[in-house]
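Here the structure is laid out as structure tokens; the discussion comes afterwards.
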Amino acid sequence: MSFEFGRANCNELYEIAALYAAASATPGCTWRSGYPGLETARADLEAASLYRLADEDGRVIAAASICIPDDLTEFIYPEVKRACEISRLCTHPSVQGLGVGGEMLDRMLEEAAALGFDGAVLLVAVGNIRARKLYGDRKFSETGNMHKYSLDFVFMQRTL
Numbered sequence: 174m175s176f177e178f179g180r181a182n183c184n185e186l187y188e189i190a191a192l193y194a195a196a197s198a199t200p201g202c203t204w205r206s207g208y209p210g211l212e213t214a215r216a217d218l219e220a221a222s223l224y225r226l227a228d229e230d231g232r233v234i235a236a237a238s239i240c241i242p243d244d245l246t247e248f249i250y251p252e253v254k255r256a257c258e259i260s261r262l263c264t265h266p267s268v269q270g271l272g273v274g275g276e277m278l279d280r281m282l283e284e285a286a287a288l289g290f291d292g293a294v295l296l297v298a299v300g301n302i303r304a305r306k307l308y309g310d311r312k313f314s315e316t317g318n319m320h321k322y323s324l325d326f327v328f329m330q331r332t333l
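Next up, the structure:
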């Protein structure tokens, strides 16, 4: 399977919002009530932080954002001087279990390093075992717990 990775563009916003909706119905996903949706995708696009992975037919099959962590600094390794947060990483249910999530995460980590970040952080729901395994397989460490948005999360991070 070949992929095209890059920043999302405005023509892909509705497709990404539909991807979010489809992913929110999968086991372990805590997204509800329209989050994330079109407005979140638009805000990430305007901040130049929204990325997507497309298949050989040009269909968006994964999306994620790279942003500056705003309220997670208490957990970040002291040696990390410029951390980014990877958020809203998701894959279309039709390709889950086929390595697409790992491919997207690998590309996001490469992009983060290219942008000058020396560490990556993220939150994952405690019960999202598949996501925790994916991140652990990519050398993320679980370094804290947080209750936020009425949910329990594990804080994970790695150096780049």
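For the sequence shown, the residue numbers in the working numbering are 174 to 333. Where is the CB? At the ideal position from N, CA and C, for every residue including glycine.
Quick one: residues in its chain with C-beta nearer than 8 Å to the C-beta of Gly210, no 5 flanking neighbours on either side, listed in chain order? So the qualifying residues of the chain are Ala190, Tyr193 and Ala194.
By DSSP, does Met319 sit in helix, in strand, or in coil? Here DSSP, grouped into helix, strand and coil, assigns Met319 to strand.
Leaving out five residues before and five after Glu177 in sequence, what residues of the same chain have Cβ atoms less than 6 Å from its Cβ? Sequence-distant Cβ neighbours of Glu177 in its own chain, meaning closer than 6 Å and more than five residues away, are Ala227.
Are the beta-carbon atoms of Thr264 and Ile234 separated by less than 9 Å? Their beta carbons are under 9 Å apart, which means Thr264 touches Ile234 by this criterion.
Here's the rule I'm using: 16 or more other beta-carbon atoms within 10 Å means buried, otherwise exposed. How should Leu324 be labelled? Exposed, by the Cβ-count rule.
Roughly how many whole angstroms lie between the Cα atoms of Met174 and Ala181? Spanning the two alpha carbons is a distance of roughly 20 Å.
Going by C-alpha distance, which of Phe328, Tyr322 and Leu223 is nearest Arg261? Nearest in C-alpha terms to Arg261, of all of Phe328, Tyr322 and Leu223, is Leu223.
Based on DSSP bridge pairs, tell me the residues matched to Tyr224. Tyr224 is bridged to Arg180 and Ala237.
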